[in-house]
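What follows is a single structure, written as structure tokens, with notes after it.
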Amino acid sequence: MEKYVIWVVILQAILIGYAIKNGYFGKEKNIIEENKQTYRTGFHFQPPKNWMNGPMYYNGVYHFFYQYNPYGATWGNISWAHSVSYNLIDWIHVDPALTPTELYDVGGCWSGSVTILPGDNVPVILYTGISAGNEEVQNLAMPRDTSDPFLREWVKSRHNPLLTPGTDIHPRSFRDPTTAWQKKPDNTWAILIGTQIDGYGAAILYKSRDFISWSRGDKPLHKSNGTGMWECPDFYPVSSVGGGDGLDTSANGADVRHVLKASFNACDYYIFGTYDSTTNEFSVVGVDFMDDRVQLRYDYGIFYGSKTFYDEAKKRRVLWAWVLEGDGEAEAGAVERGWYGLQALPRSVLLDEDKKQLIQWPIEEVERLRDRKVTLENKEIESGGLLEIAGITASQADVEVSFRVPNLDGVELMDERWLDPRLLCSQNNASVKGVFGPFGLLVLASEDLTEQTAIFFRIFKGREEHVVLMCSDQSRSSLKTHVKEEIFGSFLRVDPNEEISLRTLIDHSIVESFGGKGKSCITARVYPALAISEKSHLYVFNNGAKSVRVSSLSAWSMKNARFSQLLDL
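Residue numbering for the sequence shown follows my numbering, starting at -15 and increasing by one per position.
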């Protein structure tokens, strides 16, 4: 592991030096300058043009592979595009790593993962291809030249396809291999593949000693009825004893809890469990996928096909996810814009102190883009109050605010039947007056407020404790037609007698919000007709009957991330 740390640092240094030496920053086209389009983002990862899907992984430092259509901004011709970075914020787009050239992937090079093999620290890609026989099969690729810091050429294995669907699996329900981990005590490799068997969504486990020959486990690692097909499964350890460090994918032990994530029903769900690598037994701890209780999700908005990786350089686990468009005319709008979809900001992932959920927070590198700053402290917002936060670029901003409620006398009672936070947010949107709430932020708002996106809280009294509801309300986000005016919601596990915090990152057409220091996350796509660029406004509001206090607020204009390219993609 120590050798790997050195390799990461050296490769990171090489990557920076190589880019500067060859003039890749500054000399090449700046993608942002060429794409000054209304809804194109300034600091989120987007391909320079055309259609993209979920994140793939990194190969040692910060290599990012993602599904991409090189021929158009609509679905099809799926290849693995490839971009490189030394800070996870600024990116250089290089040649696609994989394109559909063989009989086993002629239907596209679909989702997969990268694993760093120990010893020589060689990165290998496992990916799903659709074969000429219309089957989903698993294939292997390796870099042609590991001395190239950009790893621009990848070679497909002569052994492909390595894995084909079993007779009990539909040929088009066998995809998305995970990053591999080493099982103790024999150090064999293991991966999961998403599938559906007899109506159950499942993650099938495969084992290998050489990464070429794989054998299927006796039973799925886990399965669940009522979910449908599991896509993009992910399986990784988190420390159960607290602390700020992530864990290597192969870590295990008494102080480790494992996260199993599956993408289905247009959402990314996760559960916790303990994993015995000797018997391959995964035992659920707490909520399972289809429990009647509130299910665990990474994000309660638009967020899908996520993938984590362990960043050895900074001892953290980082989460990526695809954020699709939400303008209601996906294909037509994509053709007009020339691009479709983007990545959410990379997030660090840790287990919460209560061990009942994950904590997510934008990686620290995002803060390097902060520019002009305004602050506010100890400001009371009375019932019906509206306070503009001026002095920053409201269409491209990072806002952190903490609220305090003086007392909770007269708080609304929580009906025990209110189990769906999204429905509750829809019935109690930003315009519906409560006792404590709605209060929060209005972002991407027009001056006359005919357009606004509200991120807010409401407080209720449950049978045993107070309940905080967090909502992202796009019902009045745009005067345009065919825009999805959705409302998302989550219950936030915080004590409203203490501060209720909110961080919202605004980037033209995407709004990412983190409640309770990352306990609940909601991502939304917004397409205003009026509140664009310098015509966008930011407000603190309170539409509850009782006043609330802004104990602190900091807001920054955000600079553009830098995107360059070596080739015209």
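Even glycine gets a Cβ: it sits at the ideal position worked out from N, Cα and C.
- One Cα belongs to residue 230, the other to residue 333, and the distance between them is close to 7 angstroms.
- In this structure, DSSP gives residue 411 a helical state, which the three-state scheme calls helix.
- Taking C-beta separations shorter than 8 angstroms and ignoring five residues to either side along the sequence, the partners of residue 212 in its chain run 180, 185, 248 and 249, following chain order.
- Residue environment analysis places residue 123 among the buried positions, since at least 16 neighbouring C-beta atoms fall within 10 angstroms of its C-beta.
- Per DSSP, residue 306 is one residue of the beta strand (DSSP E) stretching across 300 to 307.
- Around the C-beta of residue 102, fewer than 16 other C-beta atoms lie within 10 Å, and the residue is accordingly described as exposed.
- Taking the Cα positions, residue 188 is about 14 angstroms away from residue 173.
- DSSP lists 491 as the bridge partner or partners of residue 380.
- Residue range 184 to 192 is occupied by the beta strand (DSSP E) that includes residue 187.
- If you ignore the 5 residues before and after residue 73, its C-beta comes within less than 6 angstroms of the C-beta of 349 and 545, all in its own chain and listed in chain order.
- Sequence-distant partners of residue 383 (beyond 5 residues in either direction) whose C-beta falls short of 6 angstroms from its own C-beta, in its chain, are 488 and 539.
- Residue 400 and residue 243 have their C-alpha atoms roughly 29 angstroms apart.
- By the Cβ neighbour-count rule, residue 209 is exposed, with fewer than 16 other Cβ atoms within 10 Å of its own.
- When DSSP states are grouped into helix, strand and coil, residue 405 belongs to the helix group.
- With a cut-off of 8 angstroms on Cβ pairs, the stretch 280 to 297 is in contact with the stretch 326 to 341, counting three or more such pairs.
- Taking all protein chains shown into account, residue 300 has 16 or more neighbouring C-beta atoms within 10 Å of its C-beta and is therefore buried.
- Annotation: residue 226 to residue 232 spans about 15 angstroms, alpha carbon to alpha carbon.
- When the Cα atoms are used, residue 23 and residue 381 turn out to be separated by approximately 14 angstroms.
- Listed in chain order, the non-local C-beta contacts of residue 536 below 6 angstroms within the same chain comprise 361 and 386, local neighbours out to five positions each way being set aside.
- By the CB criterion at 8 angstroms, residue 502 and residue 478 fall outside the cutoff.
- Secondary structure at residue 261: coil, using DSSP grouped into helix, strand and coil.
- Residue 133 and residue 29 have their C-alpha atoms spaced approximately 21 angstroms apart.
- DSSP lists 452 as the bridge partner or partners of residue 443.
- For residue 430, the three-state secondary structure derived from DSSP is coil.
- In the three-state reduction of the DSSP assignment, residue 463 falls in the coil class, being assigned neither a helical nor a strand state.
- The three-state reading of DSSP puts residue 350 in helix, counting H, G and I together.
- In this structure, the straight-line span from the alpha carbon of residue 272 to that of residue 156 is close to 26 angstroms.
- Under the three-state reduction of DSSP output, residue 140 falls in the strand class.
- Counting only runs that start and end inside the stretch 219 to 279, the beta strand (DSSP E) elements of at least 3 residues fall at 240 to 248, 251 to 260 and 265 to 269.
- In the structure shown, residue 517 adopts helical secondary structure according to DSSP, grouped into three states.
- Taking each of 149, 66, 198 and 203 in turn and checking the Cα distance to residue 138, the smallest one comes out for 66.
- In the DSSP assignment, residue 173 falls within the unbroken beta strand (DSSP E) covering 172 to 181.
- A straight line joining the alpha-carbon of residue 517 with that of residue 409 spans about 28 angstroms.
- Nearest Cα to residue 268 within the set 125, 412 and 255: 255.
- Counting every other CB atom within 10 Å of its CB across the protein chains shown gives residue 421 a total of 16 or more, marking it as buried.
- Remark: C-beta atoms of residue 83 and residue 119 do not approach each other more closely than 8 angstroms.
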